[in-house]
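Visitor:
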């Protein structure tokens, strides 16, 4: 089941309105989606729903991803697009739903 547009726009700082959500791949551990945003120029993001039964500390996983991306981005040559995490509206690396 795909997350709905309203939920995503309420929780994350996307650069424009969400215009599409589609399953991405067929993972066995996490649910992964391609989220497309548009506001003139379109942007795409990978949204991953962590399986907290497998990864007991999702905040630590998100922090590790953040550290790896920061390290990778610092070594990109000029002009190459950096990878980044789209933070939540509260400035967090991930959103944990109550359920």
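Numbering (the working numbering), first residue to last: -1 to 97. Don't be surprised by glycine CBs; every beta carbon is placed ideally from N, CA and C. This structure is a prediction, so every number in the text was calculated from the model and none was measured.
#1: Can you find the residues in the same chain that come closer than 8 angstroms, C-beta to C-beta, to residue 75, ignoring five residues on each side of it along the sequence?
#2: Excluding the 5 residues preceding and the 5 following residue 17 in the sequence, name in chain order all residues of the same chain whose CB lies nearer than 6 angstroms to its CB.
#3: So residue 52 is in the alpha helix (DSSP H); what residue range does that whole segment cover?
#4: Does the beta-carbon of residue 104 have 16 or more other beta-carbons within 10 angstroms, so that it is buried, or is it exposed?
#5: Return the residue from the list 11, 27, 4 and 26 that minimises the CA-CA distance to residue 19.
Guide: This is what the structure holds:
#1: none
#2: 34 and 36
#3: From DSSP, residue 52 is part of no alpha helix (DSSP H); its letter is neither H nor E.
#4: With the chain represented from -1 up to 97, any question about residue 104 goes unanswered, as that position is not in the structure.
#5: 4
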